[in-house]
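Working notes, beginning with the structure itself.
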Amino acid sequence: MIEIKADLHTHTVHSGHAYSTLDEIAREASKKGLELIAITDHGPAMPDGPHEYYFGNLCILPEELYGVKILKGVEANILKGGKLDLSSEYLNKLDFVAAGIHDKTGHNLKDKVEYTEAVIKAVERGYIDMLSHPVNSNFPLDLGEIVEACKNNEVILEINASSYNPAKNFSRADRMATVKLINLARKNNVPLAFNSDAHFCKQVGNISYLKGIFRETYLQPEDVINTSADKVISYIYNRTVNQISMPSFNDSNQVLIKA
441 MIEIKADLHT HTVHSGHAYS TLDEIAREAS KKGLELIAIT DHGPAMPDGP
491 HEYYFGNLCI LPEELYGVKI LKGVEANILK GGKLDLSSEY LNKLDFVAAG
541 IHDKTGHNLK DKVEYTEAVI KAVERGYIDM LSHPVNSNFP LDLGEIVEAC
591 KNNEVILEIN ASSYNPAKNF SRADRMATVK LINLARKNNV PLAFNSDAHF
641 CKQVGNISYL KGIFRETYLQ PEDVINTSAD KVISYIYNRT VNQISMPSFN
691 DSNQVLIKA
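Written out as structure tokens, the structure is:
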């Protein structure tokens, strides 16, 4: 199985339903030989998510802990109309923005068409570096349209190891959709990131639940962006898409083009 050196999806105690501190996650990442982790606590629309001030203050954290590079980020919630639950003021302060659709975040969406439209609008705003767990039968997406939007906006697609935890009853349909997503991404040269979605420090860097997917899709190291920290950093800091000012999830006004 391909070895990852960067885990772009981890949660600390500040996500509310995760169980480790940043220090504990960084220590574990160092023990496992990871070069980089992204701290991506849930955005404030999540019922137990941190206040937006938390994300504004991530700048005080060191760039490296125990020899592991730290990207200060968020797993923002994609809401109705493609809005994220952090304003431009806070998104601009972060190293890395992952985003996805989550339950209990007030999106009020109904079907595959609405979910797909919301995700595409969010991607087109330019702030998202990585679309998190795009395969989820609770929030079905038109994968062809999603891959095209990610290609046009230089957004990484995530394959989420936590979703394959046997305790979560990942469906056969979801497995087939994951294989389809990987094949579409490779065909369109959209980078893939295989992440732990760790909610406990011992999970960081663990993508073992994806062994079957690796075998089934014949993935090669060049298909996976997080096989080195340098590949990740080079990609996200050289994205050329313009960003659109993002209103707070409770503010539907300001939507301005930023040069």
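Converting from the sequence shown to this note's numbering requires adding 440 to each position, the first position being numbered 1.
Each residue gets a CB set at the ideal place from its N, CA and C atoms; glycine is no exception.
As the structure is a prediction and not an experimental result, all values here were calculated from the model.
Out of curiosity, what's the CA-to-CA distance linking residue i and residue j?
i: Ala458; j: Glu515; result: 13 Å
i: Gly507; j: Thr452; result: 19 Å
i: Leu624; j: Arg565; result: 22 Å
i: Met686; j: Gly521; result: Unreliable positioning characterises Met686 in this predicted model, as indicated by a pLDDT of 49, which lies under 50. The coordinate reading is nonetheless provided below. If I take the Cα positions, the gap works out to 12 Å.
i: Leu505; j: Val644; result: 15 Å
i: Lys552; j: Ala558; result: 10 Å
i: Gly513; j: Asn497; result: 11 Å
i: Met486; j: Lys544; result: 7 Å
i: Asp481; j: Lys608; result: 20 Å
i: His454; j: Leu534; result: 16 Å
i: Tyr494; j: Glu656; result: 40 Å
i: Thr461; j: Gly652; result: 31 Å
i: Arg612; j: Ile500; result: 43 Å
i: Gly456; j: Ser527; result: 21 Å
i: Arg626; j: Gly546; result: 33 Å
i: Ile665; j: Glu554; result: 29 Å
i: Lys509; j: Leu476; result: 4 Å
i: Thr667; j: Lys472; result: 14 Å
DSSP three-state call for residue i: helix, strand or coil?
i: His451; result: coil
i: Val410; result: No information on residue 410 is available, as it lies outside the stretch 441 to 699 that the chain covers here.
i: Leu581; result: coil
i: Glu443; result: coil
i: Asn646; result: coil
i: Phe536; result: strand
i: Glu624; result: Before going on, a small fix: residue 624 reads as Leu here, not Glu. In this structure, Leu624 counts as helix in the three-state DSSP scheme.
i: Gly456; result: coil
i: Ile596; result: strand
i: Gly483; result: coil
Drop a sphere of 10 angstroms on the beta-carbon of residue i, count the other beta-carbons inside from all chains shown, and report buried for 16 or more, exposed for fewer.
i: Ala589; result: buried
i: Ile697; result: Low confidence applies here, because Ile697 scores a pLDDT of 27, under 50, leaving its location unreliable and the question unanswered by this model.
i: Ser692; result: Summary for Ser692: the model assigns pLDDT 36, below 50, so the residue's position carries little reliability; its value from the coordinates is reported in the next sentence. Burial call: exposed.
i: Ala538; result: buried
i: Tyr530; result: buried
i: Glu492; result: buried
i: Ala633; result: buried
i: Gly489; result: buried
i: Lys445; result: buried
i: Pro606; result: exposed
i: Thr680; result: exposed
i: Pro502; result: exposed
i: Asn690; result: The predicted position of Asn690 is uncertain, since its pLDDT is 45 and thus under 50; no value can be drawn from it.
Hey, would you say residue i sits closer than 8 Å to residue j, going by beta carbons?
i: Val672; j: Leu448; result: yes
i: Ile560; j: Glu585; result: yes
i: Phe579; j: Ile622; result: no
i: Ala638; j: Thr450; result: yes
i: Leu524; j: Gly483; result: yes
i: Ile518; j: Ala478; result: no
i: Tyr649; j: Tyr604; result: yes
i: Phe654; j: Ile442; result: yes
i: Ser636; j: Asn628; result: no
i: Thr618; j: Leu581; result: no
i: Leu583; j: Lys620; result: yes
i: Tyr417; j: Pro631; result: Limits of the chain in this structure are 441 at one end and 699 at the other, which puts residue 417 out of reach.
message: Whether or not the segment 594-602 and the segment 566-581 are in contact is what I'm after, with contact meaning three or more pairs of Cβ atoms, one per stretch, closer than 8 Å; do they touch?
response: yes
query: So, do the segment 652-665 and the segment 464-481 have three or more beta carbon pairs nearer to each other than 8 Å?
result: no
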